[in-house]
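K.L.:
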Amino acid sequence: MPCLRVLQMRLTQAQEAQIQALARSLMGERKAHPLRERGFILRHGQRTARGVLALRAQLTDDASHDEALRVAALFHDVGKGMEPHARYGAALAREALQALLPAGMLEEVCALIAAHCDRRAENFWAQVLQDADILDHFGSVEIGLSFQYGAYTEGGMDETLQWYRTEFAAYAAHVRERLHFDPSRAVFDEKIAFTHAFVRRLACEAAGDYPKE
1 MPCLRVLQMR
11 LTQAQEAQIQ
21 ALARSLMGER
31 KAHPLRERGF
41 ILRHGQRTAR
51 GVLALRAQLT
61 DDASHDEALR
71 VAALFHDVGK
81 GMEPHARYGA
91 ALAREALQAL
101 LPAGMLEEVC
111 ALIAAHCDRR
121 AENFWAQVLQ
131 DADILDHFGS
141 VEIGLSFQYG
151 AYTEGGMDET
161 LQWYRTEFAA
171 YAAHVRERLH
181 FDPSRAVFDE
191 KIAFTHAFVR
201 RLACEAAGDY
211 PKE
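Taking full-length UniProt numbering, I'd label the letters of the sequence shown as residues 1 to 213.
#1: Going by DSSP, what residue range makes up the alpha helix (DSSP H) through cysteine 204?
#2: What does the Cβ neighbour count give for aspartate 209, buried or exposed, with the cut at 16 atoms within 10 Å?
#3: Does the beta-carbon of methionine 9 have 16 or more other beta-carbons within 10 angstroms, so that it is buried, or is it exposed?
#4: Excluding sequence positions up to five away, which residues of its chain have a Cβ less than 6 Å from the Cβ of leucine 112?
#5: What is the rounded straight-line gap between the Cα of alanine 197 and the Cα of aspartate 158?
#6: With the cut-off set at 8 Å, would you say valine 199 and leucine 161 are in Cβ contact?
#7: Out of curiosity, what's the CA-to-CA distance linking glutamate 29 and phenylalanine 40?
#8: In three-state terms, what does DSSP make of threonine 160?
#9: My parser needs the alpha helix (DSSP H) runs of 4 or more residues fully inside the stretch 121-177; what are they?
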């Protein structure tokens with residue numbers, strides 16, 4: 001991804017409203033895959049759009065790319081279902097957003113979307129988006145998704161708990177290695193600690209026991 005040096009402008013309220021409406025129309029009824037709820041792509045994008053700015057604030061005082069980061073985060077999975085979804089998503093975003101964004105911002109948004117799955121990307125802003133994308137998939141959101149998956153597959157609570165006992169730690173460790181920044185790892189570690197605490201509590205109650213203080 002090229003390093004785009006663009007003086008970012010703030011989007012107007014009218015532009016923002018149009019962008020949000022566009023996001024709802026493109027992603028509001030879509031599933032990331034058959035075992036996710038309808039609209040997950042939109043809600044994941046909305047959460048990532050907030051998270052990417054929070055993460056950026058921990059990493060640098062340079063807010064000049066915030067608008068591009070936020071819009072790219074909102075639309076980063078618009079190509080889900082067509083692989084490579086990052087490349088197709090960038091093309092879809094370009095077509096959909098070209099009338100709403102300044103040319104320079106549009107170029108950066110599309111470049112960020114195209115790079116959001118490429119762990120070889122050396123661009124700082126692409127790495128910030130990648131980390132924010134990962135972080136949204138963990139913590140209470142990940143717990144909800146895991147039990148939702150269990151409901152869809154009729155595996156139930158016991159199978160989901162067994163997955164947490166036998167596979168979750170290795171899975172989380174593998175994903176953690178993909179994070180770029182120490183603040184990202186700190187957020188990730190807190191989310192994982194919360195997940196372990198929740199699973200211990202659920203395992204206790206699922207066995208019919210009462211938690212001990």
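Backbone N, C-alpha and C fix where the C-beta goes; we use that ideal spot for every residue, glycine too.
P.N.:
On the basis of the supplied data:
#1: That run of the alpha helix (DSSP H) goes 182-206.
#2: That one is exposed.
#3: Around the beta-carbon of methionine 9, fewer than 16 other beta-carbon atoms lie within 10 Å, marking it exposed.
#4: For leucine 112, where only same-chain residues beyond five positions count, the Cβ hits under 6 Å are Ala72, Ala126, Leu129.
#5: Going by the C-alpha atoms only, they are around 17 Å apart.
#6: A contact, by the Cβ cut-off of 8 Å.
#7: Each residue's Cα considered, the two are about 8 Å apart.
#8: Here threonine 160 sits in helix by DSSP.
#9: Counting only runs of 4 or more residues that sit fully inside the stretch 121-177, the alpha helix (DSSP H) segments are 124-136, 140-152, 156-163, 169-176, in chain order.
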